[in-house]
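> Per the working numbering, residue 139 is the first one in the sequence shown, and the count goes up by one each step. Using N, Cα and C, we set each Cβ at its ideal position, and we do this for glycine too.
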Amino acid sequence: MDKTSLMPKRTVVVSNRLPFTVIQENGAIQFKDSVGGVATGLRSVLCSSQSSQPPQPEYVWVGWPGSAINSGLQKEVQSKAFSEFHSYPVFLSEQDIEDFYQGFCNRTLWPLFHYFPSHARYEEAQWLHYKKVNRFFSDALLKIIKDDDVLWIHDYHLMLLPNLIRNELPDLRIGFFLHIPFPQFELFRLLPEGWRREILEGLLGADLVGFHVHDYARYFLRCVQRILGHKHYMDQLTVDARPVQVSTFPMGVDFQKFFVTAASPEVKKEKEGLRKAMANSKVVLSVDRQDYSKGIIHRLKGFEKMLEMNPEWHGRVSLVMVVVPSRIGIQDYEDMKKQIEELIGRINGKFGSLTWTPIVYQYRSVPFETLVALYAMSDVALVTPLRDGMNLVAKEYLASRTDESGVLILSEMAGAAKELREAVIINPNDPSEIAGALKMALEMSLEEQVSRNRIMQKRLRRYDVARWAHAFLNDVTSVRHSHEKFYGKLLGFSGERHILQQYSRSVRRLLLLDCDVTLVPYVKRPYLARPSEELLKILHKLTVNSKNEVVLVSGRDRSTLQTWFGSLPVGLVAEHGVWIKQRHQDWSLIRPLESDWKRKMRPLLEAYADRLTGAFVEEKEFSLVWHCRAADEREGIRAARELTDDLLAFTANMDVQILPGNRIVEVRCGGVNKGIAAQQWLSRSDFDFILAVGDDKTGEDMFMVLPERANSIRVGMPATKAQFTLHKREDVLGLLKQFIREEEFKGETLPRPEEGPRLYGKRPGSVPGALA
């Protein structure tokens, strides 16, 4: 399929801020472009006509206009925003701004996600405002969204929004991108339990959750596993039988815009003026928004250390520091501003002279052309965040170096460091390391500068912000295509009706039902599992019908199955096919088997269990099972892989099978599986209706031996040889209830889903089922 064809007709972009700020003066309104952040990067994409990328789809931008708008001016703002900027404003009150934006977003989420837990505040009222504003955004979107739109939600302000929209529009294509780091589990769980669950559930409303770097994606998946219990396979989760892809998309910059601007006559002239003002000193540039995560204090201390260690550079180098005001009124930021200015004063007083100022400091934002001129004239860019989602300053600096000169010093804590390995990478927590990097950069030969920058510029030119956006939007649609591919096998109304009609017309029926998880819920300790009263009633009603032969197939031992189901007239298969019990008969081995190997194998399994808290070994008559259900998820997976490798080597000349499963590793006798066991019943030719249901790899053995006329169902979403799939175990029970109901009301027409209630889980109505 041509990937360009997957692009949506219209993209609805949602971010906290619109690409402009509305200013009210004397009852009139003025629209001023937003500077920096997500808005700038996205605006350059959505308004782009670059020939290097496929044309961008039509778009609408939803967000807050940057200030509290008087109710009398809101209609005017809305009209102008839509007609001139393709935007739909969400209006917030002063209280909303204080508790949502200044409060929960910037006093709770921002410090916690940037690894500053001591700055985080946990106030219930601000959390409730966060939820309230996310609902405001949801209400606004529901007024303008179309069925074939792609909704692209941005950043930490709106992490509840994907699920709010999913609940209202289950078939909408939704993507979410987080522009800041996602913290590790130990930090994320500092949030109160209810908050952290709602945030994760909110994000999982998206089809695609994107991050700048792989580490953040891994931290997110681990939090989802530990807190919500959703496992992933190749970075894909299954949530309510819907795939959620977690992927990495390192955001680029509008490389061409910076490069062309840097070469313009106006910027060249400003660059020359700046260079002249610096009296031909080497220039180290620092440009950042005022924030404790940016490491501004650290770079000042590093510059001070460099001057202490290298007096030969006195009078020959200056640090130009531009600090853009941010979050004015928040005490942490006011304290930091004071600390920055005191430190600058101290360094200038300590090292400066009448003819040389070591640090040139500006506390204000600068126009775009001036910023590019600063990038173009500086010999070194010093970028030292203590934690950063990406950091576009580093990329903007490189894009502005038209002559390929200059040195980028970059913190290893910035997401950009994963891409820009040719930069001088430092740990910003060590002033001596910053000092050493500055000396190296100031003395680096032009040849080496060009060699490093040429590689990085080529990479940034190729993967710019437009390609980043296109890749993300394409993947949102691709995830939905994989979703629809799964639904192609989903047992819809027509497929169900087809099976029910076969069942109704038949006189000898065989039902092969996998007992593990399909019919009995998964629990951390096998001995805690019990069939529900509902299941036992369903099985009883099926087995009293003389036309039905019900066989329960399981990996459990025969004693457990006998306890659970011995009172029912059913066939039983234990230990994945080792033991067979025909209806009204005694247990028998499928063939003569040896179990002496268990004595040799058990010490190895127990050794692995002893190393991992929560792991244990279960012994059956002809198998051993190492469980890590109750252990730490990540450690359990790692130990299971190591154990599997050791077992495969240890058992190379033994007649046993190694079967890795759902947080287990099972060792069992060779030449035995559920398919071979099922043939004990399938070999009889008098069945005119056959149904097999399973939920894992062991069930696939059963599906492979079924005759062509049989019906097969797998619970879950993996690739399968089964004809049909169902969402979850409750759907299997629902289908069995339909069998019973078919007999009780034989001859009557069953209602279609829209004519009456279903007996089991609802489906997304717009996705056709198999045979539909």
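Of the choices Glu-771, Lys-685, His-714, whose alpha-carbon is the least far from that of Phe-877?
Lys-685
> Cβ of Ser-431 versus every heavy atom of the ligand GDP: is any distance shorter than 7 Å?
The model depicted lacks the ligand GDP and carries no ligand whatsoever.
> Could you check the C-alpha separation between Asp-470 and Gln-233 for me, to the nearest Å?
20 Å
> Does Ile-434 come out as helix, strand or coil in the three-state DSSP assignment?
helix
> On a Cα-Cα basis, can you pick out the residue from Glu-557, Met-416, Phe-238 that is closest to Trp-494?
Met-416
> State the start and end residues of the unbroken beta strand (DSSP E) segment that holds Cys-807.
802 to 807
> Compute the Euclidean distance between the alpha carbons of Arg-427 and Val-200, then round it to the nearest angstrom.
Each residue's alpha carbon lies about 24 Å from the other.
> Identify which residue in Val-183, Arg-605, Asp-793 has its Cα closest to the Cα of Leu-731.
Residue Asp-793 is the option with its Cα nearest to Leu-731.
> Taking Val-200 as part of the beta strand (DSSP E), name the residues at either end of that continuous run.
Note, Val-200: beta strand (DSSP E), 196 to 202.
> Using a Cβ-Cβ cut-off of 6 Å (strictly less than) and excluding sequence neighbours within five positions of Val-183, which residues of its own chain qualify?
Val-603, Ala-604, Ala-607
> Expressed to the nearest angstrom, what Euclidean distance is found between the alpha-carbon atoms of Lys-432 and Val-803?
46 Å
> Going by the beta-carbon positions, is the gap between Val-460 and Val-504 smaller than 8 Å?
Yes, they are a contact pair.
> Looking only at its own chain, which residues have a Cβ that is under 6 Å from the Cβ of Asp-212, when we skip the five neighbours before and after it?
Per the sequence shown, residue 212 should be read as Gln rather than Asp. Here the set comprises Phe-229.
> Where does Leu-156 land, buried or exposed, given buried means 16+ other C-beta within 10 angstroms?
buried
> Please classify Glu-687: is it buried, with 16 or more other beta-carbons within 10 angstroms of its beta-carbon, or exposed?
buried
> Taking the straight line between their C-alpha atoms, what separation do you get for Arg-245 and Ile-318?
15 Å
> Which complete alpha helix (DSSP H) runs does the stretch 514 to 563 hold, if anything under 4 residues is left out?
530 to 537
> Look at Ala-519 and Ile-547 and say whether their C-beta atoms are less than 8 Å apart.
yes
> Would you kindly check if the distance between the Cβ of Ala-561 and the Cβ of Asn-529 is under 8 Å?
no
> May I have the straight-line CA-CA distance separating Tyr-354 from Trp-333, to the nearest angstrom?
19 Å
> To the nearest angstrom, how far is the alpha carbon of Gln-191 from that of Leu-820?
Caution applies to Gln-191, whose pLDDT of 48 falls short of 50 and renders its modelled position unreliable; the model cannot decide the point.
> Going along the chain, which residues of its own chain have a beta-carbon closer than 7 Å to the beta-carbon of Ala-609, five neighbours each way excluded?
Phe-387
> At what residues does the beta strand (DSSP E) containing Pro-798 begin and finish?
Residues 794 to 798.
> Does the beta-carbon of Thr-701 have 16 or more other beta-carbons within 10 angstroms, so that it is buried, or is it exposed?
exposed
> In whole angstroms, what is the alpha-carbon distance linking Gly-872 and Thr-615?
Gly-872 and Thr-615 have their C-alpha atoms some 32 Å from each other.
> Which complete alpha helix (DSSP H) runs does the stretch 606 to 689 hold, if anything under 4 residues is left out?
Taking only runs of at least 4 residues, the alpha helix (DSSP H) segments lying wholly in the stretch 606 to 689 are 631 to 643, 671 to 681.
> Report the three-state DSSP secondary structure of Tyr-253 (helix, strand or coil).
coil
> Can you tell me whether Asp-426 is helix, strand or coil according to DSSP?
strand
> Give the secondary structure of Met-389 by DSSP, where H, G and I count as helix, E and B as strand, and everything else as coil.
Coil, per DSSP.
> With Asp-834 and Asn-800 assumed to form a contact (beta carbons below 8 Å), what rounded beta-carbon distance in angstroms separates them?
Right, the Cβ-Cβ distance comes to about 7 Å (below 8 Å), so this counts as a contact.
> Could you tell me which residues DSSP puts in a beta bridge with Gly-348?
Phe-315, Ser-385
> Excluding five sequence neighbours on each side, which residues of the same chain lie with their C-beta closer than 6 Å to the C-beta of Leu-706?
Leu-677, Thr-681
> For Arg-696, count the other beta carbons within 10 Å of its own beta carbon; 16 or more makes it buried, fewer makes it exposed. Which is it?
buried
> To test your reading of the DSSP string, which unbroken alpha helix (DSSP H) runs of 4 or more residues are found completely within the stretch 203 to 234?
212 to 223
> DSSP has Ile-291 in a bridge; who is on the other side?
Val-152, Phe-314
> Is it true that the CB of Glu-771 sits closer than 8 Å to the CB of Arg-364?
Contact annotation: Arg-364 and Glu-771 have beta-carbon atoms nearer than 8 Å.
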